[in-house]
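To start, the structure under review is shown below, and the notes come after it.
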Amino acid sequence: MRRGTFKDETVDYAAVGATQAPDLMQYPPERSIPAESSWRIGSGESRFHTASEALMSWTAQRGAGLTLADVRPASGPMYSGVSFDSEGNPIAPSRMEVEQRFDSDGTPFVSGGMTIQLEGRVRGMRAGGELRVIFAVEEPRRVGFALGTVGDSVVSGEESFMLDWHDNDEVWFTVRAFDRPVGLFYRLFPRLVRRRRRELFTRYLRAISPLYATPA
């Protein structure tokens with residue numbers, strides 16, 4: 005795996021963190037197409053921790069048929085990033101230092117500020133690009149992160165992946181996104197953006213959920 009080849013760039017959209025806005029589906033960022041899906045993927049602490057480990061080691065992306073071609077951890081001390089409450093207000097991270105973990109092939113787990121390059125296609129549509137981890141959350145009952153586009157993608161925007169272990173013991177996996185078409189073909193045919201997003205959501209669920217065949 006190649007590492008350390010990125011330019012130090014910011015994301016290419018203004019509404020950073022907007023995937024956590026409660027009214028995303030009603031009021032998406034300008035010229036963006038919003039999407040949201042939530043599935044019950046099981047129950048109990050074991051299911052939550054297993055799914056969390058998979059999610060934070062890029063299983064959703066890899067299971068969607070995408071390849072992590074490059075990974076660059078954030079410069080300076082590692083941090084957990086900023087999360088948001090149910091009303092979209094920022095919550096300061098509980099830990100400023102987060103121990104970096106690695107999967108079996110040496111790829112770093114998700115961490116706030118990390119930059120990655122994804123490569124791949126879904127049903128013939130390009131789905132890669134250079135992305136930044138906007139925030140990463142690892143709490144006792146909530147784990148997840150958001151990715152924002154930096155460049156080299158057919159869309160501009162953000163997608164978040166969140167696991168919640170509710171008080172009733174159910175574990176839910178929620179994916180939210182907003183995409184602004186960038187590529188000329190996608191600007192002319194925005195329905196392809198929706199089709200691309202639906203396929204990605206389905207693949208993410210298949211990768212994370214043992215109940216994919218009969219999702220709730």
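Going by this note's numbering, the first residue of the sequence shown is number 5, and it counts up by one from there. Cβ atoms here follow ideal geometry from the backbone N, Cα and C, with glycine treated the same way. Fair warning: this is a prediction, and the values are worked out from it, not measured in the lab.
In summary, Tyr31 is exposed, with fewer than 16 beta-carbon neighbours lying within 10 Å of its beta-carbon over all protein chains present. Look at the beta carbons and you see the segment 24-42 not touching the segment 124-133: under three pairs across the two are nearer than 8 Å. In the DSSP annotation of this structure, the continuous segment of the alpha helix (DSSP H) that includes Thr206 starts and ends at 195-212. Ala131 sits away from Glu162, with the two beta carbons spaced by 8 Å or more.
The three-state reading of DSSP puts Ala140 in strand, counting E and B together.
The DSSP-derived three-state label of Glu49 is helix. In this chain, Ala18 is not harboured by any beta strand (DSSP E), its DSSP state being neither H nor E.
With the rule of 3 Cβ pairs closer than 8 Å, the segment 207-214 counts as touching the segment 51-63. Beta-bridge partners assigned by DSSP to Phe182: Pro38, Glu162. Put simply, the backbone Cα of Phe205 is about 7 Å away from that of Val179. Within the DSSP secondary-structure output, Met129 pairs in a beta bridge with Val126. Separation of Phe177 and Val75 (C-alpha to C-alpha, rounded to the nearest whole angstrom) is 25 Å. Assigned with DSSP and collapsed to three states, Phe177 falls in strand.
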